[in-house]
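Enquirer: Counted from 1, the sequence shown has number 77 at position 77 by full-length UniProt numbering; the numbering is strictly sequential.
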Amino acid sequence: MNQVNNNDELAIFHLDNLSKLLRNKANQYLSAQGIDVRIEQLPVLFSIPEEGLPQQQIADEIGRDKSSVLRTISNLEKEDLVRVTTDIADKRKNCVMLTPKGRVLARLIKDKIVNLEKVLFNSLKSPEHDRFMQVIKSIGNNLQNIHII
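1. In the DSSP output, which residue or residues are listed as bridge partners for Val96?
2. Flag this pair as touching only if the region 98 to 110 and the region 72 to 89 have three or more C-beta atom pairs under 8 Å; answer yes or no.
3. Report the option in Asn145, Gly140, His147 whose CA atom is closest to the CA atom of Ile12.
4. Is it buried or exposed, Thr85, if we count other Cβ atoms within 10 angstroms and call 16 or more buried?
5. If you run the structure through DSSP and keep just helix, strand and coil, what is Asn115?
6. Work out the CA separation of Leu10 and Asp16 for me, nearest whole Å.
7. Can you tell me where the alpha helix (DSSP H) with Ile139 in it begins and where it stops?
8. Using CA atoms only, rank isn't needed, just tell me which of Lys20, Val114, Glu51, Ser47 is closest to residue 211.
9. From Ser126 to Val114, what does the alpha carbon distance come to, in whole angstroms?
10. In chain order, what residues of the same chain lie with their CB nearer than 6 Å to the CB of Asp36, ignoring the 5 residues before and after it?
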């Protein structure tokens, strides 16, 4: 790889900027739609199936630490979007379930996010969009497999 002369040549800075910009715009978009849920909360909200899921399993599935997931669940619970109950079989586990309000809102948000993505990617033709998705998934997989000492 050639020597990098400035930050503008480093993809990591562009990706970080893109991530922040996307998060901010998505939060503004949801807020403008009257939805008081932040984009950072969506992985938790979307990972909960109809029958519910233990908190630790949610953390494992979305790749976040348990304390971050617990804070998100607590905020979603305050908004009556999820309910936390003690697992009957194992009292040490807490099971998280969507409330009826949470199920309706999750479906609505998914529809809104699909619409937002259509706007974001309207300049990409289908093969370009497919390739873009392959590239970002590949980068994500590479990052997960990197072992830093």
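For each residue, glycine too, the CB sits at the ideal point set by N, CA and C.
Note that this is a predicted model, so its numbers are computed, not measured.
Expert: If we stick to the structure as given:
1. Leu53, Val84
2. yes
3. Gly140
4. exposed
5. helix
6. 10 Å
7. 126 to 145
8. The structure shown does not extend to residue 211, since the chain is modelled only from 1 to 149, so the question has no answer here.
9. 15 Å
10. none
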